[in-house]
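I have placed the structure first, in the form of structure tokens, so that the comments after it can refer back to it.
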Amino acid sequence: MVAIDKDSNIGSHAQATSLLSHESAQSIGQLLCQLWSSGGLTANKAAPLLIAVPALNKLLQPIAAGTVGDKAGEVNETHNAYCLSASLLNAYSELSQLGEWQLALLGLNSEIRAHWLNLAAARCREAGAMSDPQVLVKLIQQLGNASAWVLAQLERTDANPQLIAGPLSQLERYLLGHSLNDNAAIPALCRLLRACFTLHTLSEQTEALTPIQLIDNTAKQLASNCCRGRLLVLPEALLSEFNLKQPIKTPLKPHADWLLVSQPVNTEATYIEHFAQQPWWFLLSLISFVQDAWAAEQRGGLLLTLPAGQNAFAPSQVHVAVQGIDGDEVILGSLAEFLVLLLAELNIALYPALCTVDGSSADDMQRLNRALSPIIAELLAKKIWQFLEAGRGEPGHYRIHPDFSDACYSLPLAPLFGYKSQYLQQAIKQLAQTNYANKKRASAANRIHS
4 MVAIDKDSNI GSHAQATSLL SHESAQSIGQ LLCQLWSSGG LTANKAAPLL
54 IAVPALNKLL QPIAAGTVGD KAGEVNETHN AYCLSASLLN AYSELSQLGE
104 WQLALLGLNS EIRAHWLNLA AARCREAGAM SDPQVLVKLI QQLGNASAWV
154 LAQLERTDAN PQLIAGPLSQ LERYLLGHSL NDNAAIPALC RLLRACFTLH
204 TLSEQTEALT PIQLIDNTAK QLASNCCRGR LLVLPEALLS EFNLKQPIKT
254 PLKPHADWLL VSQPVNTEAT YIEHFAQQPW WFLLSLISFV QDAWAAEQRG
304 GLLLTLPAGQ NAFAPSQVHV AVQGIDGDEV ILGSLAEFLV LLLAELNIAL
354 YPALCTVDGS SADDMQRLNR ALSPIIAELL AKKIWQFLEA GRGEPGHYRI
404 HPDFSDACYS LPLAPLFGYK SQYLQQAIKQ LAQTNYANKK RASAANRIHS
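Residue numbers (the working numbering): 4 to 453.
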């Protein structure tokens, strides 16, 4: 159920009937731009969008107006807002710019999509008439699964695809710099149809996402903010870098009531206040807490090592390793890689995007590692983490600071680092153990086959 006020109904029925006017499509496109820039929309603002593009009812993450019930299926039926989901963020990562993403989501409306499929069908027919068969093969590859839509268009008895400007050509030029019937727009046309097909299929095969609650920055509910479906905003350094690279008029301003956003904290703030306003602090503190508790078991453990030659207060990359019961060590990867795997296990997506269309995963991880560096320096300065030097040529390592470790077992932190964040701690340890076992098996297999 969507809570809708009287004003939000204005124009909704007209948009549901037809989005083929420039004004109607532009209005929905602007809502999509607002959705992207803040990570979500209030229920009232989202109402026209959900009516115009019904598939988004399955693809947006609802935020409950009240507290989500403790029992399975028990939720507040009134929604406060709708936020981006991992599937919508993944679609963005497959496209080259925000304008393509807006058009791909508009294309979930079959009325709008029809003309773009007509253009793709005309391009395929044109390519099929050429002497070089690879032109058509390449085009079909660019369309991906959306080629099934195009084939169905060509098989229609009344099919007469033409390369003509559509009713939304003005909007296409505004968003992309050219209309989709232009030769220069062929790659963009294929990309957005491919993304549209993926999202359309997902919306038909899945149920609506389970609502999650508003962000609660009190000590009582702090750990529950890290729930399935939540968005974690990139560290400030990386978010600023992302903003600078985006040719959009409105900078990203993630909504702190819906998303996990890092916000300024007074230097005199308590641990709880820091963790409430700095979700990356909380995650990294939990990792060091798990590391400490695991070491106390004397059955292996988690290691956070710094390669020799680096500054502990400005590390370019921290390594995560697991030490086995027998003392063997297996490096799992960088801290950034470990965190991304952990967030995937928790079904928490990074906002606005980690992966880039033309960048490699290694580059993405390197950027995130650099963005984590100032956070690590802050944890050291706050005496949450400490750095221990090693012998010459040996890597030093990070661990929990003894003062903070003691604080975790006394009030007011004891509940937070005890039962309230237990599922997060279990996820951290299980991820480390699983990856350790996998790498050990892979190493053994390599030795057998070498």
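Even for Gly, the Cβ is constructed at its ideal location relative to N, Cα and C.
With DSSP as the reference, identify every bridge partner of residue i, one or two as the case may be.
i, result
"Phe390", "Tyr401"
"Val334", "The identity of residue 334 in the sequence shown is Ile, whereas the question assumes Val. Answer by DSSP bridge pairing, in chain order: Ala324."
"Val236", "Tyr354"
"Ala43", "For clarity, residue 43 is Gly in the given sequence; the question names Ala instead. Partner(s): Cys86."
"Gln64", "Cys86"
"Gly304", "Gln326"
"Leu263", "Leu235"
"Leu309", "Gly399"
Hey, residue i and residue j: beta-carbon distance below 8 Å or not?
i, j, result
"Leu234", "Leu242", "no"
"Ala435", "Leu305", "yes"
"Ser288", "Ile387", "yes"
"Ser424", "Ala240", "no"
"Gly42", "Cys86", "yes"
"Leu122", "Asn184", "yes"
"Pro57", "Leu212", "no"
"Trp119", "Leu196", "yes"
"Leu108", "Leu35", "yes"
"Gly102", "Leu179", "yes"
"Gln29", "Leu174", "yes"
"Ile431", "Val293", "yes"
"Leu349", "Arg194", "no"
"Pro415", "Ala151", "no"
"Trp284", "His277", "yes"
"Asn47", "Leu53", "no"
How close, in whole Å, do the beta carbons of residue i and residue j come, if the pair is a contact with beta carbons under 8 Å?
i, j, result
"Pro164", "Ala198", "The Cβ separation is near 21 Å, so there is no contact."
"Asn83", "Leu217", "6 Å"
"Leu383", "Ala339", "Contact flag wrong, Cβ pair sits at about 18 Å."
"Pro455", "Leu139", "Since the first residue shown for the chain is 4 and the last is 453, residue 455 is missing from the structure and cannot be characterised."
"Ala356", "Ser96", "5 Å"
"Leu91", "Ala55", "Contact flag wrong, Cβ pair sits at about 16 Å."
"Cys81", "Ala94", "Here residue 81 turns out to be Thr, not Cys, going by the sequence shown. The Cβ separation is near 28 Å, so there is no contact."
"Pro336", "Gly303", "Just to set this straight, residue 336 is Gly in the shown sequence, not Pro. At roughly 18 Å, the Cβ-Cβ gap does not stay under 8 Å, so Gly336 and Gly303 are not in contact."
"Phe200", "Ala272", "That belief does not hold up - the Cβ atoms of Phe200 and Ala272 are roughly 48 Å apart, past 8 Å."
"Ile403", "Ser291", "4 Å"
"Asn220", "Gln280", "7 Å"
"Tyr274", "Ala417", "With 8 Å as the limit, Tyr274 and Ala417 do not qualify as a contact, their Cβ atoms being about 12 Å apart."
"Ser413", "Asp295", "So it is not a contact: roughly 15 Å between Cβ atoms."
"Ala324", "Gly396", "With a Cβ gap of about 17 Å, Ala324 and Gly396 do not count as contacting."
Once the 5 residues before and after residue i are set aside, which same chain residues still bring their CB inside 7 Å of it?
i, result
"Asn449", "none"
"Lys443", "Val333"
"Ser182", "Ala168, Ser172, Glu175, Arg176 and Ala188"
"Leu38", "Leu44 and Leu87"
"Asn228", "Ile218, Asp219 and Leu263"
"His203", "Ala58 and Leu111"
"Gly131", "Leu139"
"His258", "Ser41, Gly42 and Gly43"
"Leu154", "none"
For residue i, which residues in the same chain have their Cβ closer than 8 Å to its Cβ, ignoring the five residues on either side in sequence?
i, result
"Asp346", "The sequence given here places Leu at residue 346; Asp does not occur at that position. Answer for Leu346: Leu235, Ala352 and Leu353, listed in chain order."
"Leu309", "Ala315, Pro318, Val321, His322, Phe390, Pro398, Gly399, His400 and Tyr401"
"Ala75", "At Ala75 the pLDDT is 37, less than 50, meaning the model places this residue with poor confidence and gives no usable figure here."
"Ser24", "Pro170"
"Asp406", "Lys386"
"Ile115", "Leu22, Leu23, Ala28, Leu109 and Leu171"
"Leu262", "Gly42, Gly43, Cys86, Ile218, Arg233, Leu234, Leu235, Val236 and Tyr354"
"Val268", "Glu276, His277, Gln280 and Gln281"
"Thr209", "Lys61"
Give every residue of the same chain whose Cβ lies closer than 6 Å to the Cβ of residue i, excluding the five residues on either side of it in the sequence, and list them in chain order.
i, result
"Thr45", "Ala84"
"Trp297", "Gly304 and Leu305"
"Asp260", "Leu217 and Ile218"
"Asp73", "With a pLDDT of 39 at Asp73, under the threshold of 50, the modelled position of that residue is not reliable, and the figure given next carries that caveat. So no residue of the chain qualifies."
"Glu244", "none"
"Ser206", "Ala58, Lys61 and Leu62"
"Ala49", "Tyr85"
*Report the residue ranges of all alpha helix (DSSP H) runs contained in full by the stretch 183-216; include only those spanning at least 4 residues, in chain order.*
Within the stretch 183-216, the complete alpha helix (DSSP H) segments at least 4 residues long are 189-208, listed from N- to C-terminus.
_Every unbroken beta strand (DSSP E) inside the stretch 73-158 [3 residues or more]_ = As far as the stretch 73-158 is concerned, its whole beta strand (DSSP E) runs of at least 3 residues are 82-86.
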